[in-house]
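Residue numbers (our numbering): 5 to 418.
Before any comments, here is the structure.
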Ligand SMILES: Cc1cc2nc3c(=O)[nH]c(=O)nc-3n(C[C@H](O)[C@H](O)[C@H](O)COP(=O)(O)OP(=O)(O)OC[C@H]3O[C@@H](n4cnc5c(N)ncnc54)[C@H](O)[C@@H]3O)c2cc1C
């Protein structure tokens, strides 16, 4: 930026985070070009569950998951697993993850995420008011627990969200309610949350960026970001260089490829998840989550999208259809309804960090910023990330809420 407010900004990556950054930068008058190596929503932002649930935003690394994880990591087909022979980067991620799975680290992470989560839905309202024409539905999320499971862990998270200022309201009922089977003995009804169809939402966001004069170049694979003869420059593998005043790197699980060269040492590891859509015998009013199987169901037009698995794997690992079969199998005993017409099999890579905190802010290279690493909650937190980072870039004043997400944070803090 060299002391000036940037006029031209290049955003790399057209997922929910990159497009949100682009949209909010335009609000400040910036001319935006989005460079996407494939197509809008080609990464994790398409086939996900589409939950907008700020009340459930929490670091993934917590003591219970680590205990459960070490057991299930070794079990093929379990909801959380390490796939194939782990690379050195994966081993480093898992070591960092274990380091962060303590009660005090979890509390610290929760305190950092809470202000971001609290503003999450407000940023969606701002997009809607500004012309992003996509349906966002407000509903109660129902979370079904089996006899052996305890609601205490989730209630602890919800209390922490409430303490941090979120309006969190829930009740717990006994099971015996469609679509759950008899195995579900308790249901936590989390009120006032939202959901959307992520693909349709991303299309609407991209359309709005274009309507406001932004350019989205699909098929533009960025190879480097640096200073050329005319200043800051972004190079792709195919087209001409893009001269710019500022850059936002928002490449999801692929962040390390370019971010390491910008001094960002926070490991970003792919947590692969799978989804498909089905026709369910009974209509589904709102989202359903089954923590035992780590599977979600979300209304999706007149169908239902089902998502699940957390596979610590290569971000470009080949699609493995057995994962979808295993998700559907895990539902057989938990739901008392039939489904058919399985379509749209999909896999995507959640961008996970060891401390469960995203990386949002400036890098070592002047004028170059990163936004990503939101793990399981990039849709919920994408728009608020774009809003705060755009404010920070344009005002050139550090946003307090973004402090804990410093991309250059030292190892002792992550
Ligand atoms: C199964 C599953 C369920 C989920 N459910 C939810 C949910 O219910 N709610 C929620 O909030 N979150 C959910 N998530 C998480 C959420 O999907 C992600 O956190 C979010 O989509 C990440 O967005 P992003 O923009 O950072 O990355 P991405 O969407 O992955 O976008 C990154 C983009 O960068 C592009 N790119 C990469 N490298 C380059 C390059 N060199 N040059 C140009 N372009 C490049 C990629 O092609 C891609 O389009 C879920 C994820 C999964 C997998």
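Where a beta carbon is used, it is the ideal one built from N, C-alpha and C, also for glycine.
For clarity, every value in this text was computed on a predicted model and none was experimentally measured.
Mark residue i as exposed unless 16 or more other C-beta atoms lie within 10 angstroms of its C-beta, in which case mark it buried.
i           : result
residue 78  : For residue 78, the predicted model reports a pLDDT of 48, less than 50, meaning its position is unreliable and no value from the coordinates is stated.
residue 101 : buried
residue 1   : For the chain, the structure presents residues 5 to 418; residue 1 sits outside this window and is missing.
residue 149 : buried
residue 402 : exposed
residue 322 : exposed
residue 421 : Residue coverage of the chain in this structure runs from 5 to 418, which leaves residue 421 outside it and unanswerable.
residue 64  : buried
residue 373 : buried
residue 218 : buried
residue 184 : buried
residue 93  : exposed
residue 359 : buried
residue 311 : buried
Would the C-beta of residue i count as close to ligand 1, meaning under 6 Å from any of its heavy atoms?
i           : result
residue 16  : yes
residue 27  : no
residue 228 : no
residue 55  : yes
residue 384 : yes
residue 42  : yes
residue 354 : yes
residue 20  : yes
residue 39  : yes
residue 24  : no
residue 48  : yes
residue 246 : no
residue 258 : yes
residue 242 : no
residue 381 : yes
residue 277 : yes
residue 255 : yes
residue 311 : yes
residue 373 : no
residue 52  : yes
Just the C-alpha distance for residue i and residue j, rounded to the nearest angstrom, thanks.
i           : j           : result
residue 247 : residue 12  : 8 Å
residue 98  : residue 415 : 14 Å
residue 314 : residue 85  : 6 Å
residue 188 : residue 110 : 28 Å
residue 345 : residue 175 : 34 Å
residue 404 : residue 156 : 31 Å
residue 342 : residue 410 : 47 Å
residue 241 : residue 38  : 15 Å
residue 283 : residue 42  : 30 Å
residue 21  : residue 365 : 13 Å
residue 145 : residue 381 : 15 Å
residue 95  : residue 319 : 15 Å
residue 160 : residue 300 : 20 Å
residue 234 : residue 23  : 26 Å
residue 336 : residue 196 : 28 Å
residue 2   : residue 104 : Beyond the ends of the chain as shown, which are 5 and 418, falls residue 2; an answer cannot be given.
residue 303 : residue 232 : 49 Å
residue 264 : residue 272 : 10 Å
residue 192 : residue 418 : 32 Å
residue 340 : residue 285 : 10 Å
residue 400 : residue 281 : 44 Å
residue 406 : residue 392 : 8 Å
List the residues that DSSP assigns as beta-bridge partners of residue i.
i           : result
residue 247 : 237
residue 12  : 35
residue 40  : 222
residue 327 : DSSP output for residue 327 lists no bridge partner at all.
residue 343 : 284
residue 178 : 190
residue 356 : 273
residue 421 : In the structure as shown, the chain starts at 5 and stops at 418, and residue 421 therefore has no counterpart that could be examined.
residue 309 : 281 and 302
residue 232 : 235
residue 381 : Answer by DSSP bridge pairing: none, since residue 381 is not bridged.
Do residue i and residue j have their CB atoms nearer than 7 Å?
i           : j           : result
residue 45  : residue 206 : yes
residue 441 : residue 356 : Beyond the ends of the chain as shown, which are 5 and 418, falls residue 441; an answer cannot be given.
residue 186 : residue 388 : no
residue 250 : residue 88  : no
residue 353 : residue 297 : no
residue 379 : residue 363 : no
residue 394 : residue 28  : yes
residue 17  : residue 254 : yes
residue 61  : residue 117 : yes
residue 136 : residue 49  : no
residue 267 : residue 412 : yes
residue 14  : residue 238 : yes
residue 202 : residue 54  : yes
Considering only heavy atoms of ligand 2, does any lie closer than 6 Å to the CB of residue i?
i           : result
residue 378 : With respect to small molecules bound, the structure shown includes ligand 1 and not ligand 2.
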